[in-house]
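Take the sequence shown: its letters are residues 4 to 565, numbered as in my numbering.
The beta-carbon is built from N, C-alpha and C at its ideal position, and this holds for glycine as well.
A short worksheet on the structure shown next.
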Amino acid sequence: MSEEKTGIKGATILLNALQQEGVDVIFGYPGGVLLPLYDALLDSPIRHVLGRHEQGVVFAADGYSRVTGKVGVCLGTSGPGATNLVTGIANAFLDSIPLVVLTGQVSTGSIGSDSFQEVDIIGITMPITKHSYLVKDPRDLPRIVKEAFYIARTGRPGPVLIDLPKDVLAQENVVPFSNEMKLKGYKVFGQANNGKIEEVAKVLSESRKPVLYAGGGVVTAGAEDVLRLFADKTAVPVVTTLMGIGSLPLEHPNSLGMVGMHGTVTANYAVDDCDLLIAVGVRFDDRVTSGMGHRFATKAKVIHIDIDPVEISKVVKTEIQIVGDARQVLAEILEALPGFANPDVTDWWNQLRDWREKNTIQYDKDRLTPPMVMECLGEIAGGDTIVTTDVGQHQMWAAQYYPTVNPRNYATSSGLGVMGYGLPAAIGAQIARPNDKVVLITGDGSFQMSIQELGTIAQNKLPVKIILLNNGVLGMVRQMQKMFYNERYSQIQLQGNPDFVKVAEAYGIRGISVNSAEQVRGALEEAFKHPGPVLVDITISEHENVLPMVPPGKDITEMIVR
């Protein structure tokens, strides 16, 4: 009999629908209710990557998405499997990363009966997803999958969850319904209002101290080339958020670096003193504004360009609001610029260069310091290498000193700040782009939150290079206790740390130990010559601090610089 008459299993319908969306890999961890799906995977061309923890698989899908721009897909079983995904879902939601999260669920007849490994994962994740589906009829799977991917990647991207009861996956002889989407009320913004575009061009032409403030929305929209053209044509200086790193390379003449809590002195002074702030794809996070939107860029007329209308004027009052895709809006402004004079920024750049010359952070290049490691790593690995980081001091040193030139080559947990993100994100990045170099920059605290994913690296023979800055403490917490709590150190010593080189070797991964400045370059060169994965354990002093630093509740000009 033909397939049209007999139908197919629900799990196969799901996998076919995922294939139609271009899915080539799923990061997952099996469980009892998912066995119909895992059985069907044996006959599917979709690759499955087995993590060592559900939190690892969602971070891997996140890393995959960040370096490709595609929707990442992860899979976890019901109950604890689903709840272990929650942190990663929240991380993707805050950083606007498109994911489709598949969770197993107990059979439909058991839902609500508190059966084994049953949780209301849709209820749990409602505040941290764009949308959720509980599939009750396998015939609906083609439509649901198509809608989920569309919602995840359009507008402001984010995670969408599909909850899959076991009987829906196991049902035989299913003839699926059409995959025609039914999305009433879902609106995607693209182009901006023409009148506002001309208003921006006019205001820019009259400005004498403009700054363009670029965030993750520039990366999401693929607007980095338009942004660079905008900077070149207008001579406007550019600052970026942590999420916006790479949208304008650090070495670009218009780049002032990162703004905010650990931003450059010049970037912070520029934002504080500018008369026009063009904010593109940002949400005015408190790590930039110090949580005081009413005291941020007070001398400036603020223009806010964002795909999400909810973000406009939410934190900082804006004079011109443009809801639209960052790439399209910047391109429209560029088209309008020839009708107006370019801003005269000669005196402004003289001031910016003076600030930069007087406030360049110096460090002893003959001593083993994190900035020295980052700059040496940048020279050896190159700006085209994909970098993932965990969260803490090492994350900020990487942001400040690593020469990222491509925004799709940088993956870090920004909004949620999740320790343990970096290693699984590196796995996802390496699987997404197998021919590119991938480096994880991590610390001994963060690394131990996902250290089991070394097993995933070993099993898949992924040549990820792990640069571990090992100071034996929770570095960022220690720094804040030193600066703001009178050096009253509490629960920051990691005296039970293992020998990380031996741990790596136990997984069959090459390990290199570094204890002096003279060893750094040779160790990094050896790591990148090695064809497989390598962990470089670099011992640094616990007394190293990330500077500059804006104390909590202070204006961004009130920086601690030494």
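| query | result |
| --- | --- |
| Rounded Cβ spacing between residue 85 and residue 75 (contact assumed at less than 8 Å) | Not quite, the Cβ-Cβ distance comes to about 17 Å (not below 8 Å), so this is no contact. |
| C-alpha gap between residue 124 and residue 165, whole angstroms | 10 Å |
| Secondary structure, alpha helix (DSSP H): runs of 4+ residues fully inside the stretch 156-228 | 169-173, 197-209 and 219-223 |
| Beta-carbon contacts of residue 225 that lie in its chain and below 8 Å, excluding the five residues immediately before and after | 72 and 330 |
| Residue 5 to residue 157 span [Cα, whole Å] | For residue 5, the pLDDT reaches just 41, beneath the cut-off of 50, and the residue's location in the model is therefore unreliable, leaving the point undetermined. |
| Neighbour-count burial assignment, residue 561, 16 or more Cβ in a 10 Å radius | exposed |
| Of the residues 110, 551 and 512, the one placed nearest residue 539, counting alpha carbons only | 512 |
| 9 Å Cβ cutoff met for residue 323 and residue 191 | no |
| Beta-carbon contacts of residue 283 that lie in its chain and below 6 Å, excluding the five residues immediately before and after | 217, 221, 308 and 329 |
| Residues of its chain near residue 481, where Cβ-Cβ distance is below 8 Å and the 5 sequence neighbours each way are ignored | 492, 495 and 545 |
| Residue 300 to residue 280 span [Cα, whole Å] | 8 Å |
| Where residue 14 falls: helix, strand or coil (DSSP) | helix |
| Counterpart residues of residue 31 in DSSP-defined beta bridges | 53 and 78 |
| Under the three-state DSSP convention, the category residue 473 falls into | strand |
| Reduced DSSP secondary structure (H/G/I, E/B, other) of residue 413 | strand |
| Beta-carbon proximity check, residue 345 vs residue 459, cutoff 9 Å | no |
| Residue range of the unbroken alpha helix (DSSP H) whose run includes residue 447 | 447-450 |
| Residue(s) in a DSSP beta bridge with residue 261 | 243 |
| Option in 454, 162, 35 and 457 with minimal Cα separation from residue 97 | 162 |
| For residue 376, three-class secondary structure by DSSP | helix |
| Whole-angstrom C-beta distance between residue 486 and residue 265, which should lie under 8 Å | Residue 265 to residue 486, Cβ: 13 Å. No contact. |
| Within 9 Å, strictly: CB atoms of residue 79 and residue 119 | no |
| Separation of residue 246 from residue 103, as counted between CA atoms | 21 Å |
| Residue 86, DSSP secondary structure in three states | helix |
| Stretch-stretch touch, CB-based, cutoff 8 Å, three pairs: the stretch 363-380 with the stretch 422-436 | no |
| One or two residues paired with residue 468 in a DSSP bridge | 442 and 537 |
| C-beta atoms of residue 497 and residue 420 nearer than 9 Å | no |
| Same chain, Cβ closer than 6 Å to residue 508, five either side skipped, listed in chain order | 514 |
| Boundaries (first-last residue) of the alpha helix (DSSP H) holding residue 42 | 38-44 |
| Contact set for residue 410: own chain, Cβ-Cβ below 6 Å, skip 5 residues either direction | 222, 227, 249 and 250 |
| Nearest residue (CA-CA) to residue 263, options 184, 275 and 290 | 290 |
| Nearest residue (CA-CA) to residue 319, options 327, 303, 332 and 30 | 303 |
| At least three beta-carbon pairs within less than 8 Å, the stretch 526-535 to the stretch 461-475 | yes |
| Simplified DSSP assignment, three categories, for residue 295 | coil |
| Same chain only: Cβ atoms within 6 Å of residue 348, ignoring 5 sequence neighbours per side | 238 |
| Contacts around residue 296, its chain only, beta-carbon distance under 7 Å, and the 5 residues preceding and following it disregarded | 287, 318 and 319 |
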